[in-house]
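So for the sequence shown, my numbering puts the first residue at 205; every next one is plus one. For each residue, glycine too, the CB sits at the ideal point set by N, CA and C. All values derive from a computational prediction rather than experimental measurement.
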Amino acid sequence: MARPGAPEPDLERWIHEGRRTVIDVADMLGVPPEVYTRDPLTLIPALQNYVSRLPLTQFEQSDWITLQSDLMAYVADVLIQRYGARWIVVDDSTTPHGYRYVIEVEGLDGQIRRIDPVGAVQAEFTNLPIEVTRMLASAELTLRLTNEVDEQR
205 MARPGAPEPD LERWIHEGRR TVIDVADMLG VPPEVYTRDP LTLIPALQNY
255 VSRLPLTQFE QSDWITLQSD LMAYVADVLI QRYGARWIVV DDSTTPHGYR
305 YVIEVEGLDG QIRRIDPVGA VQAEFTNLPI EVTRMLASAE LTLRLTNEVD
355 EQR
């Protein structure tokens, strides 16, 4: 799975660090951990307010990486808490380590689907301004956790 010289995947650590990240973000934004863990959607208003005020045009690469990590942790945690999704490790020859962490869940159609939360966040970065609910909805649609709305009606 891992390339020679690359660290072996540590799924438990990855899960723990992602969860800790999102709880820290919630706490930083004034949403108590116990409120967040009861319903992760309670973070949306504070998180949207936060990202809307960020000086994105002044961001350096490290700022983008931090924001990406925070939003990725949030997207993943919402999928885990609301839909019973789970983190897994998949082989990926395009990454430096030879693997990556993805979210897996059963969609409404009974099919198991996967999404890389990093990709969901990066897609949002190409469609500024960042909209937290759009990012979550996109992930839900990709995984077929919700039905698409027919806008033709």
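Three-way DSSP call (helix, strand, coil) for residue i in this model
i	result
R290	strand
E310	strand
A230	helix
D281	helix
D214	coil
I334	coil
D267	helix
A304	Note that residue 304 corresponds to Arg in the displayed sequence, not to Ala. If DSSP states are grouped into helix, strand and coil, R304 belongs with the strands.
Which listed residue (the options) has its alpha carbon closest to that of residue i
i	options	result
D320	Q262, R290 and L332	R290
E221	Y305, D296 and L251	Y305
W268	A206, V322 and R242	V322
T346	I334, N331, A327 and L332	A327
Check whether residue i and residue j have beta carbons under 8 angstroms apart
i	j	result
V325	M276	yes
T337	I248	yes
Y303	D296	yes
Q315	R348	yes
Inter-residue spacing [alpha-carbon to alpha-carbon] between residue i and residue j
i	j	result
Y278	V293	18 angstroms
F329	A343	14 angstroms
V282	V309	12 angstroms
Inter-residue CB distance, residue i and residue j (contact presumed, cutoff 8 angstroms)
i	j	result
L251	L233	6 angstroms
D274	T241	Incorrect: roughly 17 angstroms between the Cβ atoms, too far for contact.
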